[in-house]
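Novice:
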Amino acid sequence: MKRVHRKNLRYHWKVYGFVLPALILIAVFAYYPAAAAIYYAFHLWDGHGPGVYVGLDNFRRAFADPVVHHGFTLVLILVIANLFKMIPSMVTAVVIHRLTSARWNYFYRAMFVIPMIIPQMVAILLWKFYYDPTFGVINALLENTGMLDGLVWVDQQLGWGVFRPGIRPAWLAQRELVIPSLIFWGFPWVGVVGVLIYLAGLANIGQDVYDAARVDGVGPFRLFLNVEFPLIMTQFRLNLILMVIFTLRNYELFLVVLGDGGGPGGGGMVPGLYMFRKAFVDQEAGYASTIGLLMFLLILVLTWINQKFVRVEK
Amino acid sequence: MKRFIKFIKEFPKHAFIWVVLFFALFPLYVTLAISFKDSQQFFNRPWVFTWPLHGYNWTNAWSEVGGTIFNSIFLCMVSTVLVIVLSILAAYFFGRFRMPGHNALWAAFMTLMMMPSVVNLVPLFSLLQSLDWLNTYSALIVVYTTAGQVISVFLLRGFVEDIPNDLFEASEVDGASHLQRILYIVTPMSMPIISTIAILRFVASWNEFILPLIILRDQAKFPVSVKLYQLEGAYIKDWGSLMAGYALAAIPLILLFIFSMRFFVKGLTSGALKG
Numbered sequence: 080m081k082r083v084h085r086k087n088l089r090y091h092w093k094v095y096g097f098v099l100p101a102l103i104l105i106a107v108f109a110y111y112p113a114a115a116a117i118y119y120a121f122h123l124w125d126g127h128g129p130g131v132y133v134g135l136d137n138f139r140r141a142f143a144d145p146v147v148h149h150g151f152t153l154v155l156i157l158v159i160a161n162l163f164k165m166i167p168s169m170v171t172a173v174v175i176h177r178l179t180s181a182r183w184n185y186f187y188r189a190m191f192v193i194p195m196i197i198p199q200m201v202a203i204l205l206w207k208f209y210y211d212p213t214f215g216v217i218n219a220l221l222e223n224t225g226m227l228d229g230l231v232w233v234d235q236q237l238g239w240g241v242f243r244p245g246i247r248p249a250w251l252a253q254r255e256l257v258i259p260s261l262i263f264w265g266f267p268w269v270g271v272v273g274v275l276i277y278l279a280g281l282a283n284i285g286q287d288v289y290d291a292a293r294v295d296g297v298g299p300f301r302l303f304l305n306v307e308f309p310l311i312m313t314q315f316r317l318n319l320i321l322m323v324i325f326t327l328r329n330y331e332l333f334l335v336v337l338g339d340g341g342g343p344g345g346g347g348m349v350p351g352l353y354m355f356r357k358a359f360v361d362q363e364a365g366y367a368s369t370i371g372l373l374m375f376l377l378i379l380v381l382t383w384i385n386q387k388f389v390r391v392e393k
Numbered sequence: 018m019k020r021f022i023k024f025i026k027e028f029p030k031h032a033f034i035w036v037v038l039f040f041a042l043f044p045l046y047v048t049l050a051i052s053f054k055d056s057q058q059f060f061n062r063p064w065v066f067t068w069p070l071h072g073y074n075w076t077n078a079w080s081e082v083g084g085t086i087f088n089s090i091f092l093c094m095v096s097t098v099l100v101i102v103l104s105i106l107a108a109y110f111f112g113r114f115r116m117p118g119h120n121a122l123w124a125a126f127m128t129l130m131m132m133p134s135v136v137n138l139v140p141l142f143s144l145l146q147s148l149d150w151l152n153t154y155s156a157l158i159v160v161y162t163t164a165g166q167v168i169s170v171f172l173l174r175g176f177v178e179d180i181p182n183d184l185f186e187a188s189e190v191d192g193a194s195h196l197q198r199i200l201y202i203v204t205p206m207s208m209p210i211i212s213t214i215a216i217l218r219f220v221a222s223w224n225e226f227i228l229p230l231i232i233l234r235d236q237a238k239f240p241v242s243v244k245l246y247q248l249e250g251a252y253i254k255d256w257g258s259l260m261a262g263y264a265l266a267a268i269p270l271i272l273l274f275i276f277s278m279r280f281f282v283k284g285l286t287s288g289a290l291k292g
């Protein structure tokens, strides 16, 4: 690493040229819009021309807006659900790592890369198809195993009024079913990238550790808690941050599956989708910026909590 | 006998992995099985392969999505190449020099890692509008590149820093210019991470959906993700052709992974993510 002092700058100023293109791009296409988003959050703005300064009106409106309340509650529910949905990837990575045969280990690793070839849009549309009331695999499975009758029976006992005999549930079109369907989405929740990241952390644990644990009579569950989990803590934290950001900002799924109205009764209206709708359907770009800013603040808080309470012990 | 005991012990792990793999690969099976059905076969037995196989679904699908696949390939290639070039240059700056202002500039990049781009979607759209870039690829390429380079500068810097200093001292003695050093030392030495970044960038751009949806007006310019969304939204669906279209959208990614599989399995799991 070459240290350049201020007084030598006139011989070395050219070096700045290497960072300049990247810097200009982030300044114009990342920082400028971010600053503009803060600016417009305090303005009444339809997305064209200058806005009208309205102070905190947009924020007051957002705090009183039932759709915003619903959206942020929903997104917190999804974050908590996704926390549990992180477990299968971890378990899968540990199981692959515990295989004694190196050849199988490599083979499974390769197999887990394959699902990455499925474009995200295709994955979303396929899951939407699984939930299809008439042709979907989920209803087919429930009908053929008799589980649908079971659901109808439970419904009759508890008086939900959701599952009725002889009618196939429309998972994504009935208000009560939308959220549970979206939480179940992607079963068994093994994220390919997640598995590969965990495997990278586990790679540090040699076979000798397992041999020692076996001699000491440590059971598989204790082994996970005391040996494997501490070692993948860094990866767990990385995945946790990625998951939180992903859950808050990715509304593609909701847009594709439920449309820009958030599905039946607006039940699936996450804040991101609401922002999208306000900006590009209702022409209220100022208010949309306010919602975006609130999302950003929530991400900041959650990231801070993550940094503070999920510690990595080296 | 010993082998048998070992088999019994290992069996539950294999069984577990196969169950997970079944779910992971099931979408591929469904797509393929349905893509060869006419509607009669689809209504009667949607979940298994049925004979005769109908190849015309694939030609139908190709006439719908073929052009958009090339659009996507173009967009992904250009933005990936730009990301790689720009981040090599920036990583050279951050990894080999301590210029005045180094820390502030680095912070400018790292802050963006935490800042989700979606939040500023609205002003970004209005900026692109005032540049008169709506309905153009320039808008998409520039935004993909901006979004992609942050993480790749971060990953590349680590690699560029680890290149032994002797190489650079020797090149300085020989009078090599900065560009020669980047071309003949930095780039070859960080090839593993460059390929990983390139693949991840390509896939990420392939999956972009919201931005092209709001930027592009011409159907002929759509990337494949937007086209599939539009086709699936049709009221009467021809499921066979639709599934064939899904499969076609994956083919470029399949080719990408076939060529890089061996390396990728190692790359992603070892050096690439050491943080």
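From first to last, the protein sequence lines stand for chains L and X. Residues in the first sequence are numbered from 80 upward in steps of one, following the working numbering. Residues in the second sequence are numbered from 18 upward in steps of one, following the working numbering. Note that CB positions come from ideal geometry on N, CA and C, so glycine has one too. On a predicted model such as this, the values are computed, not experimentally measured, just so you know.
Between V133(L), Y185(L), I196(L) and L153(L), which has its C-alpha nearest F276(X)'s C-alpha?
Specialist: Within the second sequence, the letter at position 259 stands for residue 276(X). Answer by Cα proximity: I196(L).
Novice: In chain order, what residues of the same chain lie with their CB nearer than 8 Å to the CB of I211(X), ignoring the 5 residues before and after it?
Specialist: Residue numbering aside, residue 211(X) sits at position 194 when the second sequence is read from its first letter. Cβ neighbours of I211(X) beyond the five flanking positions: I101, I105, L173 and T204.
Novice: Does any residue of chain X have a CB that is nearer than 9 Å to the CB of F308(L)?
Specialist: Here residue 308(L) refers to the residue found at position 229 of the first sequence. Cβ-Cβ to chain X under 9 Å: no for F308(L).
Novice: Scan the segment 203-236 of chain X for residues whose Cβ lies nearer than 8 Å to a Cβ of chain L and list them as they occur along the chain.
Specialist: Listed in sequence order: V220, W223, N224, F226, I227 and I231.
Novice: Check the Cβ-Cβ distances between A187(X) and every residue of chain L, and say whether any is below 9 Å.
Specialist: Taking the first residue of the second sequence as 1, we reach residue 187(X) at position 170. Output row for A187(X): interface = no.
Novice: So which of F315(L), L376(L), A367(L) and S368(L) has the shortest CA-CA distance to L162(L)?
Specialist: As a first step, residue 162(L) must be located in the first sequence, where it is residue number 83. With distances taken between Cα atoms, L162(L) lies closest to F315(L).
Novice: Using alpha carbons as the reference points, say which of A108(X), H119(X) and T153(X) lies closest to D179(X).
Specialist: As a first step, residue 179(X) is located in the second sequence; it is residue number 162 there, counting from the start. The option with the nearest alpha carbon to D179(X) is A108(X).
Novice: For F274(X), tell me which candidate among L217(X), W123(X) and A121(X) has the shortest Cα-Cα distance.
Specialist: Residue numbering aside, residue 274(X) sits at position 257 when the second sequence is read from its first letter. Closest by alpha carbon: L217(X).
Novice: Alpha carbon to alpha carbon, what distance is there between F111(X) and M94(X)?
Specialist: Here residue 94(X) refers to the residue found at position 77 of the second sequence. Here residue 111(X) refers to the residue found at position 94 of the second sequence. C-alpha separation (whole angstroms): 25 Å.
Novice: Compare the beta carbon distance of A113(L) and V136(X) with 9 Å and say whether it is the shorter of the two.
Specialist: Translated into positions along the first sequence, residue 113(L) becomes position 34. Translated into positions along the second sequence, residue 136(X) becomes position 119. Cβ atoms of A113(L) and V136(X): closer than 9 Å.
Novice: Between the Cα of G150(L) and those of G365(L), G340(L), I384(L) and N385(L), spot the shortest distance and give me the residue it belongs to.
Specialist: The residue you call residue 150(L) lines up with position 71 of the first sequence. Ranking G365(L), G340(L), I384(L) and N385(L) by Cα distance to G150(L) puts G340(L) first.
Novice: If I measure Cβ to Cβ from T213(L) and keep anything under 8 Å in the same chain, skipping five residues before and after, which residues do I get?
Specialist: Residue numbering aside, residue 213(L) sits at position 134 when the first sequence is read from its first letter. Around T213(L): R247.
Novice: With C-beta atoms as the reference, is E249(X) less than 9 Å away from V335(L)?
Specialist: Against the second sequence, residue 249(X) aligns to sequence position 232. Against the first sequence, residue 335(L) aligns to sequence position 256. The answer is yes: Cβ separation under 9 Å.
Novice: What three-state label does DSSP hand L70(X) in the structure shown?
Specialist: Locating residue 70(X) in the second sequence gives position 53, where the first residue counts as 1. DSSP places L70(X) in coil when its eight states are reduced to three.
Novice: In whole angstroms, give me the CA-to-CA distance for T286(X) and F226(X).
Specialist: Counting from 1 along the second sequence, the entry for residue 286(X) is found at position 269. Counting from 1 along the second sequence, the entry for residue 226(X) is found at position 209. Because T286(X) sits at a pLDDT of 48, beneath the cut-off of 50, its placement in the model cannot be relied upon, and the following sentence gives the value as read from the coordinates. When rounded, the distance between both Cα atoms is 28 Å.
Novice: How big is the Cα-Cα spacing for I166(L) and V173(L)?
Specialist: Position 87 of the first sequence, counting from 1, holds the residue named residue 166(L). Position 94 of the first sequence, counting from 1, holds the residue named residue 173(L). For I166(L) and V173(L), the distance between alpha carbons rounds to 11 Å.
Novice: Can you have a look at V233(L) and say buried or exposed, based on whether 16 or more other CB atoms are within 10 angstroms of its CB?
Specialist: To locate residue 233(L), count along the first sequence from 1; it is residue 154. With fewer than 16 Cβ atoms within 10 Å of its Cβ, V233(L) is classed as exposed.
Novice: Between the segment 186-195 of chain L and the segment 290-308 of chain L, can you find at least three pairs of beta-carbon atoms closer than 8 Å?
Specialist: The segment 290-308 of chain L, when compared against the segment 186-195 of chain L, does not touch it at the 8 Å Cβ threshold.
Novice: What is the DSSP secondary structure of L135(L), reduced to helix, strand or coil?
Specialist: Along the first sequence, one-based indexing puts residue 135(L) at 56. In the structure shown, L135(L) sits in coil (DSSP, three-state: anything other than H, G, I, E or B).
Novice: Starting from Y210(L), find everything on chain X with Cβ-Cβ shorter than 9 Å and list it in chain order.
Specialist: Indexing the first sequence from 1 puts residue 210(L) at position 131. Within 9 Å Cβ-Cβ: nothing; Y210(L) doesn't reach chain X, min ~13 Å.
Novice: Nearest to G351(L) by alpha carbon, out of P343(L), L332(L) and Q362(L)?
Specialist: Here residue 351(L) is taken as the residue at index 272 of the first sequence, counted from 1. Among P343(L), L332(L) and Q362(L), the Cα nearest to that of G351(L) belongs to L332(L).
Novice: Which of the residues in the segment 151-184 of chain L, read from start to end, lie with their CB under 7 Å from any CB of chain B?
Specialist: You won't find chain B in this structure, because its protein chains are L and X.
Novice: I'd like the list of long-range same chain contacts for Q199(L), defined as Cβ closer than 8 Å, with 5 residues on each side in sequence excluded.
Specialist: Residue mapping note: residue 199(L) aligns to position 120 of the first sequence, counting from 1. Here the set comprises E331.
Novice: Could you check whether the Cβ of H127(L) sits closer than 8 Å to any heavy atom belonging to the ligand GTP?
Specialist: Of the ligands one can find in the structure shown there are none, so the ligand GTP has no counterpart to examine.
Novice: Using the rule of at least 16 other Cβ atoms within 10 Å of the residue's Cβ for burial, across every protein chain shown, is W239(L) buried or exposed?
Specialist: Indexing the first sequence from 1 puts residue 239(L) at position 160. W239(L) is exposed by the Cβ-count criterion.
Novice: Do you know offhand how far W150(X)'s Cα is from L228(X)'s?
Specialist: Taking the second sequence and counting its residues from 1, the one referred to as residue 150(X) is at position 133. Taking the second sequence and counting its residues from 1, the one referred to as residue 228(X) is at position 211. Each residue's Cα considered, the two are about 13 Å apart.
Novice: Considering only the alpha carbon of each residue, which of I262(L), R82(L), L102(L) and Y90(L) lies closest to G165(X)?
Specialist: Working through the second sequence from its first residue, we reach residue 165(X) at position 148. Out of I262(L), R82(L), L102(L) and Y90(L), L102(L) has the C-alpha closest to the C-alpha of G165(X).
Novice: Compare the C-beta of Q199(L) against all C-beta atoms of chain X and say whether one is closer than 9 Å.
Specialist: Position 120 of the first sequence, counted from the first residue, corresponds to residue 199(L). Answer yes: the Cβ-Cβ gap between Q199(L) and chain X drops below 9 Å somewhere.
Novice: Could you list which residues in chain X have their beta carbon closer than 9 Å to that of L88(L), in chain order?
Specialist: For this step, residue 88(L) is matched to residue 9 along the first sequence. Correct list: M116 and P117.
Novice: Please look up how many angstroms separate the CB atoms of N137(L) and Y366(L), rounded, as I've assumed it's under 8 Å.
Specialist: Here the question's residue 137(L) lines up with position 58 in the first sequence. Here the question's residue 366(L) lines up with position 287 in the first sequence. With a Cβ gap of about 5 Å, N137(L) and Y366(L) count as contacting.
Novice: K207(L) by DSSP, collapsed to three states: which one?
Specialist: By one-based count along the first sequence, residue 207(L) stands at place 128. Helix at K207(L).
Novice: CA-CA distance, V107(L) and I258(L)?
Specialist: On the first sequence, position 28 is the one that residue 107(L) refers to. On the first sequence, position 179 is the one that residue 258(L) refers to. Their Cα atoms are separated by approximately 38 Å.
Novice: If you run the structure through DSSP and keep just helix, strand and coil, what is L123(L)?
Specialist: As a first step, residue 123(L) is located in the first sequence; it is residue number 44 there, counting from the start. Note: L123(L) maps to strand in three-state DSSP.
Novice: What do you reckon, are the CB atoms on G257(X) and S56(X) nearer than 9 Å?
Specialist: Residue mapping note: residue 257(X) aligns to position 240 of the second sequence, counting from 1. Residue mapping note: residue 56(X) aligns to position 39 of the second sequence, counting from 1. Closer than 9 Å, so yes.
Novice: Compare the Cα-Cα distances from T85(X) to each of A264(X), I271(X), V243(X) and Y252(X) and report the closest residue.
Specialist: Along the second sequence, read from residue 1 onward, the residue named residue 85(X) stands at position 68. If we check each option's Cα against that of T85(X), V243(X) comes out closest.
Novice: Which of the three DSSP states is assigned to K81(L) in this structure?
Specialist: As a working note, residue 81(L) is residue 2 in the first sequence. DSSP places K81(L) in strand when its eight states are reduced to three.
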